[in-house]
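Take a look at the structure set out below.
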Amino acid sequence: VVLHWASRMWSYGIFRLCPCWRIRIEGAEKIDRSRPWVIVTNHQSMLDIPLMYVLPTTFKWVSKKEVQKMPVFGWVLWMHGDIPVERGSRGSAKQMLERCRQRLSRGTSVIVFPEGTRTKTGEIGRFKDGAFLVAKHAGVGIQPVVIDGTWSLNDGWRLRMPHTFRVKVLDALPAEYVASKEARELAVEMENRMRTAHLQMTGKQQ
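Numbering (my numbering), first residue to last: 5 to 210.
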């Protein structure tokens with residue numbers, strides 16, 4: 005809890021660097037803090053990591069092992085005790101599943117980028133099965149969160165000012181529903197739901 009509070013203060017500090025940056029969060033009340041979730045969110049840039057600390061719940065990140073070696077963002081993930089996974093390693097994936105199950109069993113949510121990598125276009129890409137296998141393995145529900153604004157922050161070599169970062173919490177999939185579906189089915193359903201929500205947020209779909 006102390007580490008999570010410290011990480012939250014660090015994240016707020018980043019977004020206060022510019023007084024004309026704004027964060028808008030919608031649907032925060034949809035997060036049931038009485039139980040842990042596998043939280044899935046789209047991935048636009050490394051700023052997604054501090055942005056997600058606006059969520060009113062404690063969590064651990066699941067991230068690629070090499071990310072934890074990166075300056076600043078990686079160091080924070082490492083100090084926060086987040087869960088690394090080595091790309092292409094079955095042993096690492098199995099260990100990640102078990103560590104997630106342990107965290108979730110203790111009441112702490114975990115966050116996963118289901119795309120597995122950052123967007124190259126600003127749009128939501130294809131979801132992999134990992135996050136949904138975690139939820140099924142741990143017997144918990146899935147809480148989707150859609151973000152926008154971190155990918156579009158750069159205007160050439162400059163940063164956009166003013167600029168708004170948006171976070172939208174969607175309706176969760178309860179544990180019972182997750183248990184009744186295959187991971188691939190869940191991935192496709194959630195990808196479609198989150199892509200539609202993101203298009204609406206950006207005004208590309210009414």
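Ideal Cβ placement from N, Cα and C applies to all residues, glycine included.
- Distance from the CA of G129 to the CA of P118, rounded to the nearest whole angstrom, comes to 9 Å.
- Within the same chain, and ignoring the five residues on either side of I35 in sequence, the residues whose Cβ sits closer than 7 Å to its Cβ are L59, P60, T61, Q147, V173.
- Apart from sequence neighbours up to five positions away, no residue of its chain approaches G17 with a beta-carbon distance below 8 Å.
- According to DSSP, W161 shares a beta bridge with no other residue.
- In terms of Cα proximity to G31, the closest of A183, T206, V66, R170 is R170.
- Within the same chain, Cβ atoms closer than 7 Å to the Cβ of A97 are found at V89, the five residues on either side in sequence being excluded.
- In the three-state reduction of the DSSP assignment, G129 falls in the coil class.
- When the alpha-carbon of S11 is set against those of D86, L21, H167, N196, the nearest one is in D86.
- In terms of Cβ geometry, M198 and V150 form a close pair [threshold 8 Å].
- Take the alpha-carbon of K132 and the one of Q48: they are about 16 Å apart.
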